[in-house]
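I have placed the structure first, in the form of structure tokens, so that the comments after it can refer back to it.
Protein chains: 4
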Amino acid sequence: MMRNMKKLQGGIIGGGKNSFIGYAHMGAVALDGEATMVGGVFSGDPEKGCVRGAELGVDPSRVYRDYHAMIEGEKGRPEGERIDFVILATPNANHHELALAFLREGFHVFSDKPMATSLEQAREIRQEAKKQNRLYALTHGYTGYPMVKQARHLVESGALGDLLRVVVEYTQGWLSPLVEDPQNFTTWHLDPRISGPSCTMIDVGLHAINLVQTVTGLIPEKVCADLGSAIPGNTLDDNGSVLIRFGRNVPGLLHASQISSGEGNALRIRLYGSRGGLFWDQESPDILEQMNPDGTSTIYKKGSPRLCEEARKAARLPGGHPEGLLRAFANIYQGAFRAIRGEETHPGRDYPCSFQGAVTLAFLEAVLRSGASEEKWTQVERVE
Amino acid sequence: MMRNMKKLQGGIIGGGKNSFIGYAHMGAVALDGEATMVGGVFSGDPEKGCVRGAELGVDPSRVYRDYHAMIEGEKGRPEGERIDFVILATPNANHHELALAFLREGFHVFSDKPMATSLEQAREIRQEAKKQNRLYALTHGYTGYPMVKQARHLVESGALGDLLRVVVEYTQGWLSPLVEDPQNFTTWHLDPRISGPSCTMIDVGLHAINLVQTVTGLIPEKVCADLGSAIPGNTLDDNGSVLIRFGRNVPGLLHASQISSGEGNALRIRLYGSRGGLFWDQESPDILEQMNPDGTSTIYKKGSPRLCEEARKAARLPGGHPEGLLRAFANIYQGAFRAIRGEETHPGRDYPCSFQGAVTLAFLEAVLRSGASEEKWTQVERVE
Amino acid sequence: MMRNMKKLQGGIIGGGKNSFIGYAHMGAVALDGEATMVGGVFSGDPEKGCVRGAELGVDPSRVYRDYHAMIEGEKGRPEGERIDFVILATPNANHHELALAFLREGFHVFSDKPMATSLEQAREIRQEAKKQNRLYALTHGYTGYPMVKQARHLVESGALGDLLRVVVEYTQGWLSPLVEDPQNFTTWHLDPRISGPSCTMIDVGLHAINLVQTVTGLIPEKVCADLGSAIPGNTLDDNGSVLIRFGRNVPGLLHASQISSGEGNALRIRLYGSRGGLFWDQESPDILEQMNPDGTSTIYKKGSPRLCEEARKAARLPGGHPEGLLRAFANIYQGAFRAIRGEETHPGRDYPCSFQGAVTLAFLEAVLRSGASEEKWTQVERVE
Amino acid sequence: MMRNMKKLQGGIIGGGKNSFIGYAHMGAVALDGEATMVGGVFSGDPEKGCVRGAELGVDPSRVYRDYHAMIEGEKGRPEGERIDFVILATPNANHHELALAFLREGFHVFSDKPMATSLEQAREIRQEAKKQNRLYALTHGYTGYPMVKQARHLVESGALGDLLRVVVEYTQGWLSPLVEDPQNFTTWHLDPRISGPSCTMIDVGLHAINLVQTVTGLIPEKVCADLGSAIPGNTLDDNGSVLIRFGRNVPGLLHASQISSGEGNALRIRLYGSRGGLFWDQESPDILEQMNPDGTSTIYKKGSPRLCEEARKAARLPGGHPEGLLRAFANIYQGAFRAIRGEETHPGRDYPCSFQGAVTLAFLEAVLRSGASEEKWTQVERVE
């Protein structure tokens, strides 16, 4: 699993006590032991940050009050004793500023999605990472699942023939209590200053479009969106549907919702090609169904020796032992760590990269424009 | 089950040896024994028609060469010895002419869907049925499933709260072999002279929209459609997606396909309301999932005493004994037979009626106009 | 489907208004139109019988008060106008007497399961059927499902290699309300005079063992049973488990229950061989899972062209259109009708026959002996 | 999650490069950051051990050649700088010797299952842990799943009424390739010197019986086992079925297999009570089905606010985000760590303890005796 190597050192912005995404990132890093978390800004409240740092076993001198202090502090340490990378586990609106700041000072960056809240911001980050020759990895955790890799393998190997249709959805219900009672709870996802110009599309719709790109390589070219809000007073989208034309004129359909009462985290993709179909559901991540033209299905399962090499390597436990989303996250970290260490790796494949992040934001902006437009089709800006 | 009653007598147009839809209709009629099939036009080829009639045990004098002969023959029989109703089990383009002809002569009509190939035709049929005071039933078989009735009950009883989203699909793969090999087989569904102005939307998309109406009462008001064809040379739609605005401004999404390789007959509906969601899949028809706001689900099953009365009555075998589509069809026939016998019944509820048929064709025409339009929204004509 | 042929004529004992099994038998006969039900004993109460007969459209002269009258009445009719076969849809204890009576007078017999309530009775029936050269068919309806035929095909074709293990169950919950409230309802299944020496094993356990035999050809040779009753005052078994040694020393496990709260009709079989496994569940009858040694599964579905010929012929509707248990029953009737008409057919394959019925009763008797024994293994009597 | 506390220090025996169980243990410890792995015996080959230790970031001075050296080395360190606990991740036969050795020297012990290879050994360990007042935790990882805790809650709260039946299985296929080709691969599980007196029952059957005890509190009192081997030359069991009588005379059924071709890791439990049933499958661990007497089912899902407190606390990610077996393992470690730190905890509930381990071995020995016996029932020794 690991070679005889110096452990990488990481820092984090965010990841406070109740942050599930902080747990996901730090758990994923811990799982393989290739890196250690040695510092960070754990809370906007310095006192809470210290407590949390202590819990995490971080040296108090590396528990910082804000990211400026963190950059300064880490830069002030002898070479080799600084963090190698930072994890951005903050709400959407901070991602751009933080990514730029750390990249500029030569740190590798792992950012939680979305990359930024506009395509322009994404392009700046992308440029800065190139300029600084630093890794920029975007943690669309789902792309680390073995079955996502197997799905890509089947598409690439031509098992489906030519792609004819894409249907992808990301359906959640956690905002649903706000429909009848908008005071039920508060969340930054409904605040445009923190969430950006969108709630649901930026939060989960981008996962969905990134999944399509990861598995098929298809880039959206035109969209027609119907966005809506079911929560009284909400100025952003909390559900929406998008007709899509991908490259090669492949038609697609994406729908996303966070007011679908009773739903958990239903990221589901279906692909139909001239020689077969595929279905994958994030809530049963270890299974992939290939629908055959003769009306039978082939079910691939995590741990099967018949999987492609990438899918086999993305699992650690034998078949039938669920490994969950933490392993998927950890696979992304492992891929990106290889890049940091100068080993061979494939951005956009072993981990989501800035190109993919920019594509998702180009999609988002087109979806938002389309939602407000009376014309049927809205072009998606091309990302180079 | 049955009261002491004279059996109804029925005739059929279509239903030849290899007609699965003929089997479905006649099997459904046979199942409850409330009517007997006594005559019909079983084939365009008179000789084959005779053979088939003999197989079905029909008196040779009532095996007719065409529908004109059938109407004449039946009208020529003494009152009480004529057919009471006719089943139209022919391809789409005949439905209008046949329905009008039989209604005009005072016969009750069961028509396979679609009602006609245009809204105008549908309106004529609707008017004629009213004028003649004859039953017109449209065999959207799926609406006869117990779980469809239970779903309607849950919506009507407010179990879901206000409806916020509708997602419905009808996905098949049987045309898929034509994508790579357009000569693989021939089917009238791709011939506009027989199928009408659409292939997939008219064949299965209308089932989907009718299911939404049956369960929720929602009528589509505006649509935005992306129709496509993956079969080389096909001039009709073989797959498509439609954004919908239903009445009460409820957003919806319908997609239908017959080139989705490996799919069988996936008619699936999801409804999300302010207090819960519902999911039903025709391929597992005896189960209905109610998704609760607390993240649990309640699974209703055919045969459960907790079902509503309509759902309980729509089953004949105990829970766990699958009854399939024939029972669903038979439920529609039973409902409509009650109407013929003058018993209490609810058109559009116990059996799909001409209003529903016209609504589906108004939807179809709007979808086809939208498919060719550059504007986002296309109005659906209102049906009175 | 049908050739130019005279319709067979059938009678029934049982099948009253609320008899679900009567509905299943008569519905199955009606579905294909190869036979007509022309007479019967529909109720122990002659008046009710007349009403029911009228509902079913039976000539009043052929609505009989008891089976003696029925035999006499039918024998008194001119040859060619008598019933060809009788369906026994009565409780267990009558099957033996009725089957013998009708066979002796030259009628073909369809008996609902169990064949009888003892192995000795079963042997008498078997002998009489041979002596009279009359068809004896036992309606284990589940054996008529297409996927059961496909499962047999896979076993026979060696797709599983050598069989190593059999796990079969039949789990129901309908007696469960009696556990806390023995007066909740009454049922003849708990009355040894009507049900015979067993409740659950004779009612559903025999279905399970017959399914194993149908699919694999394996005959139980030794059993070790743990039978129990959870219903206060019940003197018969209402649940039980059986270790089995089949021929070729294949180990097996059968469990059956009618007090498993919440279960519907869970007849499930799993077979494991040296080269693969199989799983089938009667509640999802159109699907068959083949588990492959490489950890993938192949899902066969009704309607797939990849199915064996027998499985394809056992379906009438295209893939994805559920046909349910009535079609399975109808397939058994069609197979047996071919035998009656002198066409080629395979007893025990196209329809369950007296050999299988006797094997199930040999199994039952061994299970009951074992349940009362302190020895581990109890021999199953061999049926020739 | 964590309080301001000194991190615990752990050592491990086993957990080499390709050890999946080593990964599971160390991953689980790493996930919550409450302990650090600081030393161990990573391989029987000292050189490999050093490489592995380096990979894991362990100080070379604490990479030991064998457990004697480890105990000596750790005891020689200043108090407070020694390991607090050791993880035994070795094959079965070592567990007894290692557990005793570490307990005697005052270390807390986490042992992979089985506790030992005989009941007598288990009792020695149990006694020693008491005598030394040290924690002994047995890592039946599955017991850490949230849905297992919810199942226990439902049983304890009386939601099922009185328990009437238990059906539990643990079905795997990984030994299946040896059936046709015994040289296909080698494994210590078939070697009695390493595996102990059993292969399948000791490896996975004990998980199954422990799961029953964890959820229901039921202890097996009598068993009747049919053990078999399908692998040529195998002297141990590779599949088997057991009839069980638990306390309170509850009947049960356990079957386990490792030659069930195509199966992954199917640990499945069903409980039937007088007021409902439960079903849980380790391969879909985030779902728990409660079958209701009215024929509906209630589906509980990880992350639902309707779960009991223990189940809610056992999850870290929101509903719909699979957490897998590592989280289940980590929950056991967290529970046991609380005990080590002197906080309130419930052995046998928050983590499997020596009582449960001894019960499983009493069960195993009875099963093995029964397998060789001609008597129906074999008593299970009582564990105090």
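Each protein sequence line maps, in turn, to chains A, B, C and D.
So for the first sequence, this note's numbering puts the first residue at 1; every next one is plus one.
So for the second sequence, this note's numbering puts the first residue at 1001; every next one is plus one.
So for the third sequence, this note's numbering puts the first residue at 2001; every next one is plus one.
So for the fourth sequence, this note's numbering puts the first residue at 3001; every next one is plus one.
For glycine and all other residues, C-beta sits at the position ideal for the given N, C-alpha and C.
Item checked: CA-to-CA distance, proline 305 (chain A) to phenylalanine 1329 (chain B), given in whole angstroms -> Distance between the alpha carbons of phenylalanine 1329 (chain B) and proline 305 (chain A): 46 angstroms.
Check: Using DSSP with H/G/I as helix, E/B as strand and the rest coil, what is leucine 3056 (chain D)?
Finding: coil
Next item on the list: List the residues of chain A that histidine 1255 (chain B) touches, going by C-beta distances under 9 angstroms, in chain order.
Entry: Arg165, Val167, Leu253
Notebook entry, point to check: Got a sec: is the Cβ-Cβ distance from proline 1114 (chain B) to anything in chain C below 8 angstroms?
Noted result: no
Notebook entry, point to check: Should glycine 2342 (chain C) go down as buried or exposed, given a rule of 16 or more other Cβ atoms within 10 Å for buried?
Noted result: exposed
Notebook entry, point to check: Is it true that the CB of asparagine 2265 (chain C) sits closer than 8 angstroms to the CB of glycine 1319 (chain B)?
Noted result: Inclusion of glycine 1319 (chain B) and asparagine 2265 (chain C) in the CB contact set at 8 angstroms is warranted, their separation being smaller than that value.
Notebook entry, point to check: What are the partner residues of glutamate 2343 (chain C), as DSSP defines its beta bridges?
Noted result: According to DSSP, glutamate 2343 (chain C) bridges with nothing at all.
Notebook entry, point to check: Candidates B:Leu1267, B:Arg1338, B:Ser1261: which alpha carbon is nearest leucine 1206 (chain B)'s?
Noted result: B:Leu1267
Item checked: histidine 2255 (chain C) burial status per 10 Å Cβ neighbour count (16 or more: buried) -> With 16 or more Cβ atoms within 10 Å of its Cβ, histidine 2255 (chain C) is classed as buried.
Margin query: If you measure between the beta carbons of glycine 1039 (chain B) and glycine 1011 (chain B), is that distance less than 8 angstroms?
Written below: In contact: glycine 1039 (chain B) and glycine 1011 (chain B) (Cβ atoms closer than 8 angstroms).
Check: Given a limit of 8 angstroms on CB to CB distance, which residues of the stretch 3311-3328 of chain D reach chain A?
Finding: Arg3316, Leu3317, Pro3318, Gly3319, Gly3320, His3321, Pro3322, Glu3323, Gly3324, Leu3325, Leu3326, Arg3327
Notebook entry, point to check: What are the uninterrupted segments assigned as alpha helix (DSSP H) that are 4 or more residues long and contained completely in the stretch 1297-1374 of chain B, given in chain order?
Noted result: Runs found: 1309-1313, 1324-1340, 1354-1371.
Checklist line | Within-8 angstroms CB hit, glycine 1295 (chain B) to chain D | finding: yes
Next item on the list: Would you check if the distance between the CB atom of tyrosine 2136 (chain C) and the CB atom of cysteine 2353 (chain C) is smaller than 8 angstroms?
Entry: yes
Check: Would DSSP call glycine 2049 (chain C) helix, strand or coil?
Finding: helix
Notebook entry, point to check: If contact means a Cβ-Cβ distance below 9 angstroms, which residues of the stretch 229-241 of chain A contact chain B?
Noted result: Listed in sequence order: Ala230, Asn239, Gly240, Ser241.
Checklist line | Min CB distance glutamate 2079 (chain C) to chain D below 8 angstroms | finding: no
Checklist line | Beta-carbon proximity check, isoleucine 2194 (chain C) vs aspartate 2112 (chain C), cutoff 8 angstroms | finding: no
Check: Taking C-beta to C-beta, are leucine 1088 (chain B) and alanine 1358 (chain B) nearer than 8 angstroms?
Finding: no
Checklist line | Length at least 3, wholly inside the stretch 3207-3292 of chain D: the beta strand (DSSP E) runs in chain order | finding: Counting only runs of 3 or more, we get 3220-3228, 3239-3246, 3251-3257, 3266-3273, 3276-3281, 3287-3291.
Checklist line | Interface residues of chain D facing cysteine 2224 (chain C) [CB-CB closer than 9 angstroms] | finding: Counting only Cβ-Cβ distances below 9 angstroms, cysteine 2224 (chain C) has contacts in chain D at Cys3224, Asp3226, Leu3243, Lys3376, in chain order.
Check: Comparing alpha-carbon positions, which option in B:Asn1092, B:Ala1314, B:Leu1243, B:Gly1276 lies nearest glutamine 1379 (chain B)?
Finding: B:Leu1243
Notebook entry, point to check: Between the beta-carbon of proline 251 (chain A) and the beta-carbon of glycine 276 (chain A), is there less than 8 angstroms?
Noted result: no
Next item on the list: Compare the C-alpha of threonine 1961 (chain C) against each of C:Pro2192, C:His2025, C:Val2166 and name the closest.
Entry: Look at the range of chain C in this structure, 2001 to 2384, and you will see that residue 1961 (chain C) is not part of it.
Next item on the list: Just mark histidine 1025 (chain B) as buried or exposed, buried being the case when its beta carbon has 16 or more other beta carbons within 10 Å.
Entry: buried
Notebook entry, point to check: Between the Cα of arginine 1134 (chain B) and the Cα atoms of B:Asp1084, B:Ser1241, B:Pro1114, which residue gives the shortest distance?
Noted result: B:Asp1084
Notebook entry, point to check: To which residues of the same chain is tyrosine 3067 (chain D) closer than 8 angstroms at the C-beta, ignoring the five residues directly before and after it?
Noted result: Around tyrosine 3067 (chain D): Ile3013, Val3041, Leu3098, Ala3101, Phe3102.
Notebook entry, point to check: Is threonine 2139 (chain C) buried or exposed, if buried means 16 or more other CB atoms sit within 10 Å of its CB?
Noted result: Buried is the call here.
Item checked: Cβ separation of leucine 2175 (chain C) and leucine 1317 (chain B), assumed to be a contact under 8 angstroms, to the nearest whole Å -> No, leucine 2175 (chain C) and leucine 1317 (chain B) are not in contact; Cβ-Cβ is about 17 angstroms, not under 8 angstroms.
Checklist line | Simplified DSSP assignment, three categories, for leucine 103 (chain A) | finding: helix
Margin query: Between glycine 57 (chain A) and lysine 3007 (chain D), how many whole angstroms is the CB-CB distance? I'm expecting something under 8 angstroms.
Written below: Between lysine 3007 (chain D) and glycine 57 (chain A) the Cβ distance is about 6 angstroms, and since that is below 8 angstroms, they are a contact.
Check: Can you find at least 3 beta carbon pairs, one from the stretch 3157-3167 of chain D and one from the stretch 3221-3235 of chain D, that sit closer than 8 angstroms?
Finding: no
Check: From valine 2960 (chain D) to methionine 3201 (chain D), what distance separates their C-alpha atoms?
Finding: Only positions 3001 to 3384 of chain D appear in this structure, which leaves residue 2960 (chain D) out of reach.
Checklist line | Cβ neighbours of glycine 2262 (chain C) in the same chain (closer than 7 angstroms, five flanking residues each side left out) | finding: Gly2173
Notebook entry, point to check: Mind checking asparagine 3184 (chain D): buried by the 16 CB within 10 Å criterion, or exposed?
Noted result: Burial call: exposed.
Margin query: Could you compute how far the alpha carbon of asparagine 1018 (chain B) sits from the alpha carbon of glycine 1161 (chain B)?
Written below: When rounded, the distance between both Cα atoms is 46 angstroms.
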